[in-house]
Structure formats: structure tokens, C-alpha cells
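Engineer: Pasting a structure here, questions to come.
Number of protein chains: 2
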Amino acid sequence: MRADAERSRRRILDAACEVFLERGPDAPLDAVVRRAGVGPATLYRRFPDREALVRALVTDLLARLTAAADEARRAEADPYRALRRFVHAAADLRMGAAIVVLLDELVVDDELVAVRRGAVTAVEALLCGAQEAGRLRADVGMGDLVLLCVRASRPLPGGLAALDADGSLVHRHLDLALAGLAVADPDGPAGAPLGFDEVIAAAGRPGEPVDGGVEA
Amino acid sequence: MRADAERSRRRILDAACEVFLERGPDAPLDAVVRRAGVGPATLYRRFPDREALVRALVTDLLARLTAAADEARRAEADPYRALRRFVHAAADLRMGAAIVVLLDELVVDDELVAVRRGAVTAVEALLCGAQEAGRLRADVGMGDLVLLCVRASRPLPGGLAALDADGSLVHRHLDLALAGLAVADPDGPAGAPLGFDEVIAAAGRPGEPVDGGVEA
DNA sequence: AATAGGCGGAGAGATTCTCTCCGCTTAGTG
DNA sequence: CACTAAGCGGAGAGAATCTCTCCGCCTATT
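Here the protein sequences line up with chains Y and D, keeping their order. Its first residue numbered 0, the first sequence is counted upward by one per residue in numbering that gives the first Met the number 0. Its first residue numbered 0, the second sequence is counted upward by one per residue in numbering that gives the first Met the number 0.
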């Protein structure tokens, strides 16, 4: 693959990540094109349809996520610090996008299951490590962690996004949230720990129409 | 105003709140109409244009928010519990919507400034109370609190929304996050406390085009 | 029972989105 | 340096969506 083609591909994926994050998985591909600063033809040549783009984006992100988890595990001896390092990296990767589009827009084929399992395993190792070391409360689950990342990595709505142009606020708020996950418990959070499986289950069925309201 | 008209109005405002929250302030009014289960004419009769709808929604939400803050203050003797009660109420009100649309879509006239000041004052009282009582870390500001509420009260993207159909997860995660704001500090969060004024400033200018990327 | 105000649906006109064709540009190769 | 094949952006057709209005039926209120 030619160098400029690879560069275009990267720009499109990055743009798609942001756009889907901001406007949801149904965002016009037109918006992706504009954000990426490429011509429409370039997108459609590389990704024949929306599904192909989404799939490429998701597998790309999951792979990078797995790599980040492994890196964090290697780089930090203390399990809590490792988890923390990973969570910050995940925020930088805009992990939320992977999850959100993964969820309804795609039929989960074997390849996707495999790459997803890889990511989950790597992150679980971090989570369990921190818990076994007694640094993380026992009543939080993978799902809580994932949702924390999803919420944190979404860009702020509207003009608020400008507040975090350099991405430092995300990290501040992640730290605050992590402090809540650490053992130090005043009352403990309401409800039971949320597992990853429940998240997947919610994601399983292709996003039922959300207009709902009063149908028939 | 006739009873059914009042009911329609309420349904439209509720629907608009959800739709703007999910799809951003540029969401088609068509979608609001569908969600509300009313005819298009009903919306346009009540709110001549998008601006009128947004304005009504924002003032309505800010008023309810102020009421919630006062109620929390009265209902709980302990300042930290009062703050906590308020934050949960704010999440139920989908406070995020008020902020987001307030921010770029509207010219802030005097009425809006007044009602906003009312809300800010009420919430500040809660925050300062909890801090003076030594129950809340001193290095968090109004902006942090507001952004916490904004993040927490947004519906989860895509199919994840189904996870929290009954709204209980929001409260769990708010509790976790609040625990992070409480004094118990392992390291303290990165960065300086975020004030409310900075949030307003970010919001001040009407949402510059976000497509950006490579212009000129 | 009368009536004024309210309601939803159909649809015109404008806008936006998807996707393709085509002539120019650029990266890799000998 | 020249050649060539791959890549690129823009213009634009056709489809889809969105905004907003007219109109005939319905239903609170007196």
C-alpha cells in the first residue's frame, strides 16, 4: 500500500472516531469526509460502505486498547498504578467509540469476538490485580470500569468541548473518578457491581428503534 | 391555556430534552415530534422556531434545578448529604441538556442570565457548605461539579442506553464519582479546580464550526 | 349544545446525504 | 530523470430527510 494511501486511511479512521463519538453511529459519512479533509471518493474507495468503515475502526481501536493494557501492566509494578495508567491511555484512545459502535451497528463475527476477548482479558487482568492488591474496592466490576471509560472519553457536548481542547480535563476527571473507585469508602456506591457480560448483553441486539414513544 | 395544550407542551419539552441530549442541539425537530408522539403542527404552533423551543427548555430546566438545590438544602442537615441529594436529583432532571443547549445555541438575554444566576447560587451554596464542613475536598470547583453532572446525566450512547433503562446505574456511578470528590485523597486529582466561570466562558461564543480539520 | 381553541396528517420546497465518474497529481521504480 | 500505475479531490445526479404550513376533524370548556 502506498504511503499516501496509508496516511489517508489513518486520517479517515481518526476523523470517523471523533465524528461517531460526537454525533452517534448514524452520523453522515459526509461529516467524516469533511473532518478528515479528504475527498469523498477517497473514503468510498477505501471503505465500500458504512459497515466496512465501522468494522475497521472497531478492530483498530480494540487492538490498540489491548496493546495499551499490556503496556500499562508491564510499565507499572503497582497494580493500582497500572490500572490507572491504562484508564488514562484508554481515554486518549477514545475507547468509548469502540464500544458504542461495536454495540449496535455490527454483526459480531468470529474475528470481532476474538479481538474483543483479547481486550477484555487484558483489562480484566489489570482490574483483578488492583483488587487483589487491596487497592480497589471489591464491589466494582468490569462493566463499571468500561462505562467509566465510555463516559469519560466522550467529548463534552456542544461548546463545552472547547474546555478540554488539550484533553487535560479528561484526565483530571478520570483521576477524581478513580479516587472514588479506590478503597476509602464512606458509604459505598448504590447497587451491585456491573459485569462486562451485562454490557455485552445490552449491546447484543441491534439497536432497537429509539424513537419509540407511542408506537401502536 | 387548555389542559390538553399544556399536556402537549410538557410532552414536547420532555421529548426535546431527550432528543437534544442524544443527538445534540442540531437534532431535527422532526425527531422531537416523533418522540413526543404529536403532530408537527403542534410543535410549531407552540414554539415558532427552534430557538423558542430551546429557550423554553432551558429556562424550564434551570428553574427545576434551582428548586432541586433548595429542596436538597432544606431536606438534609448534613451538607455533604445535601450535595449528594442534589446531584442525584440533577441527574434525574438530565441537567446536562440545560447546559449543553444553553451554551451555544442561545443568545443569553437578561432573563436567562437571571435564572442561571439563581441556579448557580443555589448550587454554590451546597458545594461550599460541604467544603466548609470538611466533607468535600477543597480542590474541586463548581465547574468540576457541573461537568460531573453533565457527563453523568447524558444517556449512554447506542445500545448501552438499555443498560440504564430504569436510571439506577446513573446513580450508582454518581455515588462512585462522589466518593472520589470526598476527602480521602490518595494522590489528589491532576490539575487545578475548574470554576464555573470557565465553563460559561467556553460556552459564551456561539459554537464555532466543529468540522475544522484543515481549513485554509 | 355551542364554540373556540387545539389536534394530526399530507405535502411543497429546500436542504442534506450517498455514492460515482473523471481529469489531475504524486509515490514508487528502473 | 522519466515512466506508470495508483491515488486524489471536486462536481454533481438522484435519493432521502427536514422544515414548516394548510386544512378538516376533534374535544375541552361554558
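Heads up, the beta-carbon is just placed ideally off N, CA and C, and yes, glycines get one too. Predicted model, so just to flag it, every value in this text is computed and none were measured.
Using a Cβ cut-off of 8 Å, which residues of the region 148-162 of chain D contact any Cβ in chain Y, in chain order?
Structural biologist: If the cut-off is 8 Å between Cβ atoms, the region 148-162 of chain D has VAL149, ARG150, ALA151, ARG153, LEU155, PRO156, GLY157, GLY158, LEU159, ALA160, ALA161, LEU162 near chain Y.
Engineer: Going by DSSP in three states, LEU92/Y sits in which element: helix, strand or coil?
Structural biologist: The answer is coil: DSSP assigns LEU92/Y none of H, G, I, E or B.
Engineer: Give the range of the alpha helix (DSSP H) segment to which LEU42/D is assigned.
Structural biologist: Segment 39-45, the alpha helix (DSSP H) holding LEU42/D.
Engineer: Is the distance from the Cβ of ALA151/Y to the Cβ of THR65/Y below 8 Å?
Structural biologist: It is not a contact, given that the beta carbons lie outside the stated cut-off.
Engineer: In chain order, what residues of the same chain lie with their CB nearer than 6 Å to the CB of ALA118/D, ignoring the 5 residues before and after it?
Structural biologist: Within the same chain, ALA118/D has close Cβ partners LEU61, LEU64, THR65.
Engineer: Out of PRO24/Y, PHE19/Y, LEU28/Y, VAL139/Y, point me to the one whose CA is closest to GLU104/Y's CA.
Structural biologist: Ranking the options by Cα distance to GLU104/Y, first place goes to PRO24/Y.
Engineer: Since ARG22/Y meets chain D, which of its residues come closer than 7 Å, beta carbon to beta carbon?
Structural biologist: In chain order: GLY23.
Engineer: For LEU105/D, which of helix, strand or coil comes out of DSSP?
Structural biologist: Reduced to three states, the DSSP call for LEU105/D is coil.
Engineer: Which residues of chain D have a Cβ atom closer than 8 Å to the Cβ of GLY140/Y, listed in chain order?
Structural biologist: Ordered by position in chain D, no residue passes the 8 Å Cβ test against GLY140/Y, which lies about 11 Å from the chain.
Engineer: Just by C-beta distance, which residues in the region 79-93 of chain D are closer than 7 Å to chain Y?
Structural biologist: Taking 7 Å as the Cβ-Cβ cut-off against chain Y, none of the residues of the region 79-93 of chain D qualify.
Engineer: Looking at C-alpha atoms only, which residue of ALA178/Y, LEU20/Y, ASP13/Y is the closest neighbour of GLY36/Y?
Structural biologist: The shortest Cα separation from GLY36/Y among ALA178/Y, LEU20/Y, ASP13/Y belongs to ASP13/Y.
Engineer: Leaving out five residues before and five after HIS87/Y in sequence, what residues of the same chain have Cβ atoms less than 7 Å from its Cβ?
Structural biologist: Excluding positions up to five away in sequence, the list reads HIS170, LEU173.
Engineer: Is the beta carbon of ARG93/Y closer than 8 Å to that of LEU144/Y?
Structural biologist: No, these two residues do not count as a Cβ contact at 8 Å.
Engineer: Buried or exposed for PRO78/Y, going by 16 or more other Cβ atoms inside 10 Å?
Structural biologist: With 16 or more Cβ atoms within 10 Å of its Cβ, PRO78/Y is classed as buried.
Engineer: Cβ of ARG153/D within 8 Å of Cβ of GLY95/D?
Structural biologist: Yes, these two residues count as a Cβ contact at 8 Å.
Engineer: For GLY166/D, count neighbouring Cβ atoms within 10 angstroms of its own Cβ and tell me buried if that reaches 16, exposed if not.
Structural biologist: Exposed.
Engineer: With distances taken Cα to Cα, identify the nearest neighbour of VAL106/Y among VAL57/Y, ASP69/Y, LEU162/Y.
Structural biologist: If we check each option's Cα against that of VAL106/Y, VAL57/Y comes out closest.
Engineer: Identify the contact partners of GLY95/Y in chain D, using a Cβ-Cβ distance below 8 Å as the criterion.
Structural biologist: Going along chain D in sequence order, the residues near GLY95/Y (Cβ under 8 Å) are PRO156.
Engineer: Which residues in the same chain as ALA81/D place their Cβ atom closer than 6 Å to its Cβ, once the five residues preceding and following it in sequence are excluded?
Structural biologist: Same-chain partners within the cutoff: ALA71, ARG72, GLU75, LEU125.
Engineer: I'd like to know if LEU52/Y contacts chain D, where contact means its C-beta is closer than 8 Å to some C-beta of that chain.
Structural biologist: No, because no Cβ of chain D sits closer than 8 Å to the Cβ of LEU52/Y.
Engineer: What does a CB cutoff of less than 6 Å around ARG10/D pick up in its chain, not counting 5 residues either side in sequence?
Structural biologist: Hits under 6 Å: ALA35.
Engineer: Are there 16 or more other CB atoms within 10 angstroms of the CB of ASP109/Y, so buried, or fewer, so exposed?
Structural biologist: ASP109/Y comes out exposed.
Engineer: When the Cα atoms are used, what is the spatial distance from GLU5/Y to ALA129/Y?
Structural biologist: Going by the C-alpha atoms only, they are around 39 Å apart.
Engineer: Straight-line CA distance for ALA132/D to LEU52/D?
Structural biologist: Rounded to the nearest angstrom, the two C-alpha atoms are 41 Å apart.
Engineer: What's the C-alpha gap between LEU28/D and ALA97/D?
Structural biologist: Cα to Cα, the separation comes out at about 17 Å.
Engineer: Identify the continuous alpha helix (DSSP H) that holds GLU5/D and give its terminal residues.
Structural biologist: Its alpha helix (DSSP H) spans residues 2-22.
Engineer: Grouping DSSP H, G and I as helix and E and B as strand, with all else coil, what is LEU61/Y?
Structural biologist: Note: LEU61/Y maps to helix in three-state DSSP.
Engineer: Listing by chain order, which chain Y residues have their CB less than 8 Å from the CB of LEU146/D?
Structural biologist: The contacting residues are LEU155, LEU159, LEU162, LEU168, HIS172.
Engineer: Run the CB neighbour count on ASP59/D, radius 10 Å, all protein chains shown included, and call it buried at 16 or more, exposed below.
Structural biologist: Per the 10 Å Cβ criterion, buried.
Engineer: Relative to the C-alpha of ALA90/D, which candidate in GLY38/D, ARG115/D, LEU155/D has its C-alpha closest?
Structural biologist: If we check each option's Cα against that of ALA90/D, LEU155/D comes out closest.
Engineer: What is the DSSP secondary structure of GLU70/D, counted as helix, strand or coil?
Structural biologist: Helix, per DSSP.
Engineer: Would you decide whether GLU17/Y is buried or exposed? Buried here means 16 or more other CB atoms lie within 10 Å of its CB.
Structural biologist: Buried, by the Cβ-count rule.
Engineer: When the Cα atoms are used, what is the spatial distance from VAL139/D to LEU146/D?
Structural biologist: Rounded to the nearest angstrom, the two C-alpha atoms are 11 Å apart.
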